[in-house]
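Below is one structure, written out as structure tokens, with a few remarks after it.
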Amino acid sequence: MMAPSRPVLQARKWLPMASFQARTSREPGRTVIRLAGECDLAVRERLTGTLLAAVDAAPVVVVDLAAVEFLDSTGIHALVAAHHRARAADGRLYLVNAAGSVAALLELTGVGELLRHPGEATD
């Protein structure tokens, strides 16, 4: 009797990690975080840490999404968690310059409306 065959494991080709950047600058009356690249599970801790540190340090935080290429549920979660932290401290977190699929996801989930900057145009 032959032993059952085992599945052959093949090596996976991993794609290089997409770049992610978060640049924080202080401006009069607010902190601006400029995000770039992909906001997903791979950068969850870094993204969440950056957002929470900003809302802990400033009453108004503006997150510029112009250079964000991809946003998934973990990115949405980080934004909402930072929003709740800001509100608990009587602060505000706003999103600006979302475009394409990132803007569509924010609108679909309601997060775009929740965190829309008062000066940001609506469709």
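Going by full-length UniProt numbering, the sequence shown opens with residue 1, and the numbers climb by one from there.
Even glycine gets a Cβ: it sits at the ideal position worked out from N, Cα and C.
Quick caveat, the model's predicted, so the values are computed rather than measured.
Integer Cβ distance of residue i from residue j, believed to fall under 8 Å
i, j, result
"L65", "L105", "L65 to L105, Cβ: 11 Å. No contact."
"G110", "P59", "No, G110 and P59 are not in contact; Cβ-Cβ is about 24 Å, not under 8 Å."
"E38", "E69", "6 Å"
"A81", "T50", "That pair is no contact at about 12 Å."
Residue from the options whose Cα sits closest to the Cα of residue i
i, options, result
"R85", "A67, R116, L52 and A99", "L52"
"R44", "V55, A22, A57 and E27", "A22"
"S25", "V63, R87, G37 and R46", "V63"
"G100", "A67, R34 and A57", "A67"
"A57", "V80, E107 and G29", "G29"
"V61", "L35, R46, L41 and D40", "L35"
CB of residue i within 8 Å of CB of residue j, strictly
i, j, result
"G119", "L95", "no"
"H83", "L115", "yes"
"A54", "T74", "no"
Any non-hydrogen atom of the ligand NAP closer than 7 Å to residue i Cβ
i, result
"A57", "This structure simply doesn't include the ligand NAP, nor any ligand for that matter."
Strand pairing of residue i, partner residues [DSSP]
i, result
"L95", "V63 and R116"
"S25", "V32"
"L47", "Per DSSP, none; premise fails for L47."
"L71", "C39"
Classification of residue i by the beta-carbon crowding that lies within 10 angstroms, buried from 16 upward
i, result
"A98", "buried"
"R12", "Model confidence at R12 stands at a pLDDT of 47, short of 50, so the residue's coordinates are unreliable; what they give is reported in the following sentence. When all chains shown are included, R12 counts as exposed."
"L41", "exposed"
"L108", "exposed"
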